[in-house]
Amino acid sequence: MNQVATNNAERRRRQKSRSHRQKSCNKSAAQSPLEVAQQKCHAIAVRSRTVAARSRAVTARSRAIAARRRAIAARRRAVAARSRVVAQQNCHALAAGSRATKMLRHRQREKSPKTFAPLPKNEVVLVSATEPERSDVLTDITPETCRRDVRMKLQEADAAQSETTRSADCRSFASQNYVEGRNRRCGVTLRRLRRNVPNVAQRRSVATEATHGETRVETAAPSPEEAVAQAATKIVASSYRHC
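Under full-length UniProt numbering, the letters of the sequence shown match residues 1 to 243, in that order.
The structure is reproduced here in structure tokens:
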């Protein structure tokens with residue numbers, strides 16, 4: 001069955017090709033060479049017009065794609081510009097809020113009462129909680145008085161300690177170390193006194209602990225002179241801690 005169908009299809013194809021060749025031969029025989037050349041030129045012109053139209057279509061499509069890309073880029077630039085404007089506005093708003101907050105805090109700080117007045121250089125205010133009428137007492141602590149007090153405490157410590165607990169080399173080293181850095185230490189001493197003495201003087205009772213591990217002893221509130229002496233003693237003890 002399949003062989004019969006194949007044979008029939010092959011026979012029809014041969015008949016069709018034979019008839020087509022016969023028609024083309026008859027047509028070429030009927031036409032003159034001039035007509036044949038004109039037909040060829042016409043076919044060439046048609047093909048060239050078709051190619052030109054196809055190239056124009058491709059060019060138009062590429063131009064449309066480029067226009068779309070330019071539009072997308074313009075939209076992106078507009079979005080970026082709007083984002084920059086919004087970010088700048090937010091930055092200005094944050095800066096204005098920060099300035100307003102700082103101004104408000106400054107005004108509140110001006111309205112709030114000051115606990116301590118700003119200290120002049122090389123001076124410290126000793127405030128006594130038990131004697132409010134004497135809260136404006138000023139004790140001048142200059143570098144000279146600082147060096148003299150610390151030197152006196154150093155001499156007392158040297159006299160109190162025995163040679164068995166601390167050697168002469170350690171004492172000379174500590175003295176030399178103090179002499180070399182006394183200007184810097186005196187500044188540190190002033191800062192420590194400014195920070196510690198008012199707190200010590202405001203307490204009703206001060207709990208002091210000996211340097212050699214003794215029990216804690218409750219003492220009464222020291223006077224300003226005693227507070228300065230205690231602070232200087234602590235500084236001298238800290239300078240000999242390496243011994």
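From the three backbone atoms N, C-alpha and C, an ideal C-beta is built for every residue, glycine too.
Practice problem: Reducing DSSP to helix, strand and coil, say where Gln31 ends up. | Solution: Position 31 of the sequence shown, counted from the start, is the residue given in the question as residue 31. Gln31 falls in the coil class under three-state DSSP.
Quiz item: For Val79, is the classification buried or exposed, using 16 other Cβ atoms within 10 angstroms of its Cβ as the cut-off for buried?
Solution: Position 79 of the sequence shown, counting from 1, holds the residue named residue 79. An exposed status is given to Val79, since fewer than 16 other beta-carbon atoms sit within 10 Å of its beta-carbon.
Exercise. Would you mind sorting Leu34 into buried or exposed? The rule is 16 or more other CB atoms within 10 Å of its CB.
Key: Numbered from 1 along the sequence shown, position 34 holds the residue referred to as residue 34. Taking all protein chains in view, the Cβ of Leu34 is surrounded by fewer than 16 other Cβ atoms within 10 Å, so the residue is classified as exposed.
Self-check item: Cα-Cα separation, Ala230 to Gln108
Solution: Walking along the sequence shown from the start, residue 230 turns up at place 230. Walking along the sequence shown from the start, residue 108 turns up at place 108. Note that residue 230 is Gln in the sequence shown, not Ala. Taken atom to atom, the span from the alpha-carbon of Gln230 to that of Gln108 is near 37 Å.
Quiz item: Count the other CB atoms within 10 Å of the CB of Val86; is the residue buried (16 or more) or exposed (fewer)?
Solution: Residue mapping note: residue 86 aligns to position 86 of the sequence shown, counting from 1. Around the beta carbon of Val86, fewer than 16 other beta carbons lie within 10 angstroms, which makes this residue exposed.
Quiz item: Is it buried or exposed for Val46, if we count other Cβ within 10 angstroms and need 16 for buried?
Solution: On the sequence shown, residue 46 is found 46 positions in, with the first residue counted as 1. Looking at its Cβ environment, which holds fewer than 16 other Cβ atoms inside 10 Å, Val46 is exposed.
Quiz item: Roughly how many angstroms lie between the CA atoms of Arg54 and Ala60, to the nearest whole one?
Solution: Position 54 of the sequence shown holds residue 54. Position 60 of the sequence shown holds residue 60. About 10 Å.
Quiz item: Which term fits Leu154, buried or exposed, when burial requires 16 or more other beta carbons within 10 angstroms of its beta carbon?
Solution: Here residue 154 is taken as the residue at index 154 of the sequence shown, counted from 1. That one is buried.
Self-check item: Environment of Val150 [buried if 16+ CB atoms lie within 10 Å]
Solution: The residue given as residue 150 occupies position 150 in the sequence shown. Result: buried.
Self-check item: Rounded C-alpha distance that separates Thr6 from Arg14
Solution: Here residue 6 refers to the residue found at position 6 of the sequence shown. Here residue 14 refers to the residue found at position 14 of the sequence shown. Within the model, the alpha-carbon separation for Thr6 versus Arg14 is close to 12 Å.
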